[in-house]
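Chains as they are written, first to last, in our numbering: chain G, 1 to 409; chain E, 410 to 818; chain A, 819 to 1227; chain V, 1228 to 1636.
Inspection log for the structure reproduced underneath, given as structure tokens.
4 protein chains.
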Amino acid sequence: MESDVRWYSRRFPTIFVSGSGALLTDIAGRSYIDFFSGAGALNYGHNPPALKKALIDYIERDGIAHSLDMRTSARQEFISAFTNKILRPRNMRFRCVFTGPTGTDAIETALKLARKVTGRSNVAAFTNAYHGTSLGSLAGTASLDKRRSAGISLENVDRYPYDGYLGAEQNTIPLIAKLLSDPGSGFVPPAAFIVETVQSEGGLSVAKQAWLHDLADLARKVGSLLIIDDIQAGCGRTGKFFSFESQGIEPDIICLSKSISGFGLPMSLVLIRPEIDIWEPGEISGTFRGNNHAFVTATAATDYWTDRDFLDRVERNIEIIDDWLENVAESLPQAMFTKKGVGLIRGLHTGVSDLPKTICDYAFQAGLLVETSGAASCAIKLLPPLCMDSAQLSDGLMILSEVVRRSLS
Amino acid sequence: MESDVRWYSRRFPTIFVSGSGALLTDIAGRSYIDFFSGAGALNYGHNPPALKKALIDYIERDGIAHSLDMRTSARQEFISAFTNKILRPRNMRFRCVFTGPTGTDAIETALKLARKVTGRSNVAAFTNAYHGTSLGSLAGTASLDKRRSAGISLENVDRYPYDGYLGAEQNTIPLIAKLLSDPGSGFVPPAAFIVETVQSEGGLSVAKQAWLHDLADLARKVGSLLIIDDIQAGCGRTGKFFSFESQGIEPDIICLSKSISGFGLPMSLVLIRPEIDIWEPGEISGTFRGNNHAFVTATAATDYWTDRDFLDRVERNIEIIDDWLENVAESLPQAMFTKKGVGLIRGLHTGVSDLPKTICDYAFQAGLLVETSGAASCAIKLLPPLCMDSAQLSDGLMILSEVVRRSLS
Amino acid sequence: MESDVRWYSRRFPTIFVSGSGALLTDIAGRSYIDFFSGAGALNYGHNPPALKKALIDYIERDGIAHSLDMRTSARQEFISAFTNKILRPRNMRFRCVFTGPTGTDAIETALKLARKVTGRSNVAAFTNAYHGTSLGSLAGTASLDKRRSAGISLENVDRYPYDGYLGAEQNTIPLIAKLLSDPGSGFVPPAAFIVETVQSEGGLSVAKQAWLHDLADLARKVGSLLIIDDIQAGCGRTGKFFSFESQGIEPDIICLSKSISGFGLPMSLVLIRPEIDIWEPGEISGTFRGNNHAFVTATAATDYWTDRDFLDRVERNIEIIDDWLENVAESLPQAMFTKKGVGLIRGLHTGVSDLPKTICDYAFQAGLLVETSGAASCAIKLLPPLCMDSAQLSDGLMILSEVVRRSLS
Amino acid sequence: MESDVRWYSRRFPTIFVSGSGALLTDIAGRSYIDFFSGAGALNYGHNPPALKKALIDYIERDGIAHSLDMRTSARQEFISAFTNKILRPRNMRFRCVFTGPTGTDAIETALKLARKVTGRSNVAAFTNAYHGTSLGSLAGTASLDKRRSAGISLENVDRYPYDGYLGAEQNTIPLIAKLLSDPGSGFVPPAAFIVETVQSEGGLSVAKQAWLHDLADLARKVGSLLIIDDIQAGCGRTGKFFSFESQGIEPDIICLSKSISGFGLPMSLVLIRPEIDIWEPGEISGTFRGNNHAFVTATAATDYWTDRDFLDRVERNIEIIDDWLENVAESLPQAMFTKKGVGLIRGLHTGVSDLPKTICDYAFQAGLLVETSGAASCAIKLLPPLCMDSAQLSDGLMILSEVVRRSLS
């Protein structure tokens, strides 16, 4: 009764029943270690107890579930917690825009604002970018298969090479700068540059700090906004709340979604510099921009970022996974592995075709959920819950080592 | 700390704390009768007890909250319940597509499929249509203000006059048929006709049964799919589960969202005829297409549609509201009211400019939430919970009568 | 050695050698009466003596053939003659823009200017319009076959029903006005309305004076420019120099080409109101905008319009052709003929399919060149030289009468 | 009475009266040496005697001036002469397509055919390309000022770096190849690559033979057509009839215009490989695709290419101009001159801003017509008649040397 378009139900052919922390249980009672985390929507694991409790309490006292963008106590508390616990400690002055609850809604909103602020029609996106699949966002997405699904031409986006795309040594920003300053190039400054600091769907490439600086400088120079798409890399995935927070750049717009609710509930948040908040009331709308259940869990999730114990565990897990990647890449030269990613959005790129898919299939059989990355699926991607028990993380990686070896034999 | 783009928090300037049935309570302890129902996302009222219980149970036993499109028990149970309680009794054979959880995600998906199935790039949409605000859907939306927000040209949509747009006597389908059969008209058959049976945002116009028939015939004749956007008018709003179910037409694609979860949780459902299910696995994706909390409440909500008591109450409420509209329109000729809508998606169009906005403001002061409709806000729209207590409905309408009178004086 | 795309060389399968007045002679020495006039590019017939003499003189004294838009004596003389003999006597204040020498170049230029003047992106064109085949003009052209040749979506044009398209009684302007004033229609005021007063390629429909007035009023009211595409209907084809000159409307831009050189040489002329001449120097360019041979013959051609004898002959010819059409339509009811067109751009629409093509084929065999009109080729089109000898015109029509009868038998 | 958009009439502020060979005479009787040649439309100089005679003869005997694409003796003779004297000796098998008579018409036609043959919507064009200004061609043109004139987004063209754009050492084809083979790049193989071998308007850059080879190989590999825009560089401008004829590449489509008529008359010619001639009759149309005067002179012009004396003179002139460029560049280091171009489409790029414009102004005062090139006008461009008297060429260059020196002081 379900369309052939379904995907993960084929990838992981069982019926899951419950989840707790890093563990999923299926209908046959079998457990799986989850290194996929809902494609980054479950950074704190399944049903984190504090959030679960807050949510049940809220529902029990008939808290409002749905409110469009009316003010509710849940909404006001989230704004307050997010401001005080996330933005202020980082010296960030941003206003919150609540859009439809998906990442693609957030991107659509960011692009609309950039076009309105600058009066320009084109935005600049990068090779291997992923920004969503509604048509506005899809125009920014680079993957051929995704773009084809549009059925029409996707326009008003200029595509530029991401950091490293032309080789490790070549900084691509001077090339872009040349194109934008040459009246004969055929290119003009865009409304905005939209960029992921880590290309989560696009093969786990990471933009170097110097490149991001050059990009931010170029954007300022040519009058373009800088939009960070932190939907998959944000909310702690790189080890910090924002993926770019230690990089010294100041974006104009930040898009968050996926793990912003902390519980896997649909929610998006677009942060904008107050100076560009030039909207008319109601200009951006959407039925589910007030998912109050998500506000409740998102409020509780902000507590993690002042919890020393949580932060230490994340650090430890980053080290564990980094050591493992190093080890595997070195000990299995036949796999032609390259370490990819950063923090807890990590992976291995391989020159052996079909290997990542094989690894994922075997891993599932061995009770471990992992996914591939890249338009040609040439990397495996590891997205364990940030704060999972370190011993459990090591167990998962040990299983994965086995699986990789088996896949190569 | 919130962007100036916020809307309903200005419209209804208080902080809401809890909701139950047709009543909302704000932070000062004041109650409001809700004739807005989250713009149609709360057809069963706030926190309907059976759904609330099912959801709390699910969360308490660590049911999976987020699952992309992996199979989960919650997902399978929803598919089963929806098939058995909604589709089968109506002799409808459709496959379920779970898209991102917003209405606009559903529309984007429907349009992509129509373009893929037909190999045509343009879709046909109608005057005063509302289909969402991500760029693919927004191209279908007619409202000038919404379209402007795109910042770029919205293309690949042909716009045709809705039923009644050229006057009550003129059936617009023969005009469209002429344009599509004339090789010199400049128009070609579209990938699909996308239509709302009731234009909920577009002034509450209702398509007549004969017009819908003619439209369905024309679509078949010119090889176009017929997409019913039942996002606001579906899930019982017109008195039947599907807005078109007594009209004798057979759409190729049906888009549902808003009240499909029954609880106000973000969820969408695209129903497609099995014959056009030509997708490759994974061609349509999105992080939140597996909002399991919504599946749980949506499953519980299917029970309403076999509950005689519920159905009777809906019938009764439809009569009450219809009588009231008749009465008000007749007794206040100076308001130049016309009865609009059908079932429990009703309203009054007025020739007196600014009157609807005044009514909404006074209603809020009187403890009643209502909203306007139409690009020029020339109608008031009533969307009470379907099964609200009939006495309470009458109370609400009495308040509204007072408010209308006061607004006219 | 020539591409399969060639058209008239199939339609008229011989090799033509010379032409004089209304007569063409082929390689076998056979004569043809020309009722096609180069699709309206030879309004004064082939090689009109005064123009021929002026051209030979010019070439013999090494007059400049090509000059981009440099000033030449030939160019200055044309501007002066056109101003003094055509514009001034009609109280028209316009500036001349010389674009590339084809009609489509003129239209591209007019649309660019309209977009620049208004800052709007869309232009409005009509059902059955023909404005050329380069992509900017082609977007305005309605014919399906022509549009298909683009290979891509043609955008930024809104299509509205031409006068009479919805039936003889329905004025289509109020419908357009409604769409443009309704913020929920999905339509916005265009940069310009571009219109042919006679749809020469589109079936020979003629816009009524009242409709043109209403259109001009609407354009002014919604801030759109009015562009008259007088490429085929202008330069005397309707009996007056400008097709609209007795209609009391004041366009902002007029596009001329085809017969403007008077000799069949490539030339275009865009006339613009001085108030909208906001171009930067060089903003519009093109290699052949200075075809001086064409300026020379065009200058000589302006003399016709102060020549009483010429004007009388045109009047007489109009009467002859009008009588003939009346006669044929009445005497051959089985052909279901309707008289079309005006002046000397005339024809018969028929309800009998394929009849026009048969007539054209038989006519060629009988020594007469005529062409069909309309996207479905359901009319025959008569474009005799304006000032051809009236007896010769009658001879041609007699042949055509014969041919029509034979085609029907 | 002429629009402010006029350009060369400002650049060269006089009224020209006659022209012969390389000399123009103005209304005051002053002579000018013409190193501009109608932007390449007068490669054989003004009023070349043999062509002039053929044209006068043709007109005197009432040869057909205008014929749409009917067959005429003039047309057939041109096809025959062009085939026998130009194509056959070069072993080229191509079919002739006669489009509207401007270069932009030829490009529009080439792009339509490429899209039809491949079923792809995007074409690839290069930085600093110039392909015309009607919207289809303009999308391929790179210059910012030209593109702005469109008033709308120009889509369906991908822009890639021309040879040398990323520095002399970096071959840009491998970069393009990478983008086209990477499913995550966001780029897909185009319908065609359209390229000028010399960027006549774009700063006189010349594509190296190896680069053209790599481009042709890439096009074949990814299923794209190769279109050579030889409108300005063809018809002998580089010293050979086709600019690419000694380069060993085999284009699918060649666009000619400007000097194809040999007399400055409007004419275009699109050559297509017979295998891709998949058009329906009449799919491409246009009023002036049968400018028979141009066929007559174009036929006469083919004789040059079997005339040893003509060819020798061209060779000699190429040497003279090359020596001069070398000399000037070396002797005036303060001008930071770089030699540009090839054959007799030559120039000097300068690092001194505004210098080219100053040179052109002074040259006009000294009786010499030259023009600048490049989006930022940073080169002077020399386009003398191919076969001008060598002594006269040297005289002109001597004047120019003076002018350059004066401009620098």
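All C-beta atoms, glycine included, are put in the ideal place defined by N, C-alpha and C.
Item                                                                                                                                                    : Value
What number of angstroms, rounded off, separates the C-alpha of F263(G) from the C-alpha of N292(G)?                                                    : 12 Å
Between which two residues does the beta strand (DSSP E) harbouring F1011(A) extend?                                                                    : A1010 to V1013
Quick check: T1331(V) and G1513(V), are their CB atoms within less than 7 Å of each other?                                                              : no
Run through chain A and tell me which residues come within less than 8 Å of P1478(V), C-beta to C-beta.                                                 : Near P1478(V) there are no residues of chain A at all, since even the closest Cβ is about 16 Å away, more than 8 Å.
Starting from C1178(A), trace the alpha helix (DSSP H) both ways and give me its first and last residue.                                                : L1173 to Q1183
For V342(G), which three-state DSSP category applies?                                                                                                   : strand
What's the gap between the Cα of E689(E) and the Cα of D4(G)?                                                                                           : 7 Å
Which stretch, first to last residue, makes up the alpha helix (DSSP H) that contains V1222(A)?                                                         : S1208 to L1226
Report the three-state DSSP secondary structure of I729(E) (helix, strand or coil).                                                                     : helix
How big is the Cα-Cα spacing for A533(E) and A1193(A)?                                                                                                  : 22 Å
Taking the alpha carbon of E486(E) as the reference point, which residue from C796(E), K748(E) and V705(E) has its own alpha carbon closest?            : V705(E)
I'd like to confirm the pairing. Which residues does DSSP put opposite N1518(V) in its beta bridges?                                                    : H1293(V)
Using the Cβ count rule (16 or more neighbours within 10 Å means buried), how would you classify K1485(V)?                                              : buried
What residues of chain V sit near A142(G), judged by a beta carbon separation below 7 Å?                                                                : G1411, S1412 and G1413
In the structure shown, what three-state DSSP assignment does K1435(V) receive?                                                                         : coil
Anything in chain G within Cβ reach of D1372(V), meaning under 9 Å, just list it in chain order.                                                        : P183
List, in chain order, every chain A residue whose beta-carbon is nearer than 8 Å to that of P1172(V).                                                   : The structure shown does not extend to residue 1172(V), since chain V spans only 1228 to 1636, so no value can be given for it.
Would you mind telling me which residues of chain A sit closer than 8 Å to G673(E), beta carbon to beta carbon, in chain order?                         : Ordered by position in chain A, no residue passes the 8 Å Cβ test against G673(E), which lies about 27 Å from the chain.
Within the chosen definition, does the segment 1041-1048 of chain A reach the segment 923-942 of chain A through at least 3 CB pairs nearer than 8 Å?   : yes
Less than 8 Å between the CB atoms is what I'm expecting for M1206(A) and T1310(V), so what's the real figure, rounded?                                 : Rounded, the Cβ-Cβ distance is 37 Å, inconsistent with contact.
Once the 5 residues before and after I1094(A) are set aside, which same chain residues still bring their CB inside 8 Å of it?                           : L931, V935, L1043, D1070 and I1071
Smallest Cα separation from A820(E): which of R502(E), A709(E), T759(E) and P599(E)?                                                                    : Nothing can be reported for residue 820(E): it is not among the residues displayed for chain E, which extend from 410 to 818.
Helix or strand or just coil, what does DSSP make of A943(A)?                                                                                           : strand
Taking Cβ positions only, does S1348(V) come closer than 7 Å to chain G?                                                                                : yes
Residues of chain E with CB closer than 8 Å to the CB of H293(G), please, in chain order.                                                               : L674 and H702
What is the rounded straight-line gap between the Cα of L433(E) and the Cα of T759(E)?                                                                  : 28 Å
T951(A) touches chain E at which residues, Cβ-Cβ below 7 Å?                                                                                             : Those within 7 Å of T951(A) in chain E number zero; the least Cβ separation is about 14 Å.
Taking DSSP's pairing of strands, which residues face L634(E) in a bridge?                                                                              : A601(E)
Name the two residues that bound the continuous beta strand (DSSP E) containing T1345(V).                                                               : Note, T1345(V): premise wrong, no beta strand (DSSP E); alpha helix (DSSP H) at G1330 to T1345.
For chain V, find out if any of its Cβ atoms is closer than 7 Å to the Cβ of G837(A); answer yes or no.                                                 : yes
With D145(G) as the anchor, note down where its alpha helix (DSSP H) starts and where it stops.                                                         : L144 to R148
Quick one: grab the DSSP three-state call for I663(E).                                                                                                  : strand
Assuming the contact rule is C-beta atoms closer than 8 Å, G1248(V) and G1272(V) should be a hit. Round their C-beta distance to whole Å, please.       : 4 Å
For A1197(A), which three-state DSSP category applies?                                                                                                  : strand
Check whether the segment 130-145 of chain G and the segment 1366-1385 of chain V are in contact - that is, three or more C-beta pairs closer than 8 Å. : no
Straight-line CA distance for D62(G) to F503(E)?                                                                                                        : 35 Å
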